[in-house]
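In our numbering, the protein residues as written are -9 to 107.
Report on the following structure.
As structure tokens, this is what we get:
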């Protein structure tokens, strides 16, 4: 059964793993997994540079980073930037990414306005 929360995008994880994927640093868990059941506590099985590893989940998708995705389209989209507490524009490639991805500024604000002061 899947655990609650969302995986952070791979680019945020890459610097936690060394180049040969043999060890971890910065206190990251590098337990390899195939599903959330393989991970202890609240950690989730998430994609990383070296396969799937157990990671702390992001519980609210409004805190996820903007992710352009794996494809090469040029769609204008909006994401909620939790640091600035604003919806901001980014270019989405059309596939992949995460749930912090909205077609309009209004949709973004409606979904994530609970975070603003």
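Ideal Cβ placement from N, Cα and C applies to all residues, glycine included.
Source: prediction; values computed, not measured.
{"query": "Whether residue 28 touches residue -8 by CB criterion (8 Å)", "result": "no"}
{"query": "Buried versus exposed, by CB contacts within 10 Å (16 or more), residue 64", "result": "exposed"}
{"query": "First through last residue of the alpha helix (DSSP H) which encompasses residue 97", "result": "95 to 102"}
{"query": "Buried/exposed call for residue 16, threshold 16 Cβ in 10 Å", "result": "Residue placement at residue 16 is poorly supported in this model, since its pLDDT is 46, which falls under 50; the coordinates are not used for a value here."}
{"query": "Inter-residue CB distance, residue 67 and residue 82 (contact presumed, cutoff 8 Å)", "result": "4 Å"}
{"query": "Beta-ladder partner(s) of residue 41, from DSSP", "result": "38"}
{"query": "Test item: CB-CB of residue 55 and residue 32 under 8 Å", "result": "no"}
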